[in-house]
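S.K.: Encoded as structure tokens, here's the structure I'll be asking about.
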Amino acid sequence: MKEKQLQVILTNYLKDNPPNKTAVYELKICKSNAMPFDQVKEHQVEALLQAKHGNLYHKISDSPIFAGHKTRFTKPKPFDCLNIYKAEAYVVICYYKLRQKKEFLFIDIDDFVKEKEISSRKSLTEERAKQLKNNL
Numbered sequence: 021m022k023e024k025q026l027q028v029i030l031t032n033y034l035k036d037n038p039p040n041k042t043a044v045y046e047l048k049i050c051k052s053n054a055m056p057f058d059q060v061k062e063h064q065v066e067a068l069l070q071a072k073h074g075n076l077y078h079k080i081s082d083s084p085i086f087a088g089h090k091t092r093f094t095k096p097k098p099f100d101c102l103n104i105y106k107a108e109a110y111v112v113i114c115y116y117k118l119r120q121k122k123e124f125l126f127i128d129i130d131d132f133v134k135e136k137e138i139s140s141r142k143s144l145t146e147e148r149a150k151q152l153k154n155n156l
């Protein structure tokens, strides 16, 4: 399973279980029992923090559907840009296990950053992630 396949499952989950607040997510898949903290890139952490604690402006790309092709068609988008002000912000981890139900662990970005700072490990175990997860 790849992250983009997991994205479809998360999208359907959020459609069936809509959050009661505006939120932003960074989705990660982990195929072992521990996800390296640096799998969430620094620019992603910064954007999540900015969305949660201030304003995050984002211009949605006008790029073609197929990267590298010279087509002029673009995927329809709902609007050109957005501004996110003090939204909920989560790192969403799925510790993937073949032929088992997918479980999403929603970890508040502040909790993720704090755990990265205080942990003696360079990775977040599934057990610890379950302790940190938010119930949405």
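In this note's numbering, the protein residues as written are 21 to 156. Quick reminder that beta carbons are idealized off the backbone N, C-alpha and C, glycines included.
1. Tell whether a beta-carbon distance below 8 Å holds between I127 and Y110.
2. Does the distance from the C-beta atom of V60 to that of A107 stay below 8 Å?
3. Pair every Cβ in the segment 66-85 with every Cβ in the segment 143-153, then say whether three or more of these pairs are closer than 8 Å.
4. With respect to the alpha helix (DSSP H) encompassing E66, which residues constitute its N-terminal and C-terminal limits?
5. Taking the alpha carbon of N154 as the reference point, which residue from I129, K136, K142, F99 has its own alpha carbon closest?
6. Please go through the same chain and pick out, in chain order, the residues whose beta-carbon is closer than 7 Å to the beta-carbon of F57, but skip the five residues on each side of it.
7. Y105: which of T42, I113, I29 sits nearest, CA to CA?
8. Considering only C-alpha positions, which residue in the set V112, K117, L118 is nearest to F132?
9. Can the beta-carbon of Q25 be found closer than 8 Å to that of E46?
10. The alpha helix (DSSP H) spanning D36 covers which residue range?
11. Apart from the five residues on each side of it in sequence, which residues of its chain come closer than 7 Å, Cβ to Cβ, to K51?
M.R.: Inspection of the coordinates gives the following:
1. yes
2. no
3. Three or more beta-carbon pairs separated by less than 8 Å are not found between the segment 66-85 and the segment 143-153, which leaves the two stretches without contact.
4. 62-73
5. I129
6. So the qualifying residues of the chain are K136, K142, S143, L144.
7. T42
8. V112
9. Taking 8 Å as the cut-off, the beta carbon of Q25 is found no closer than this to the beta carbon of E46.
10. 23-36
11. Y116
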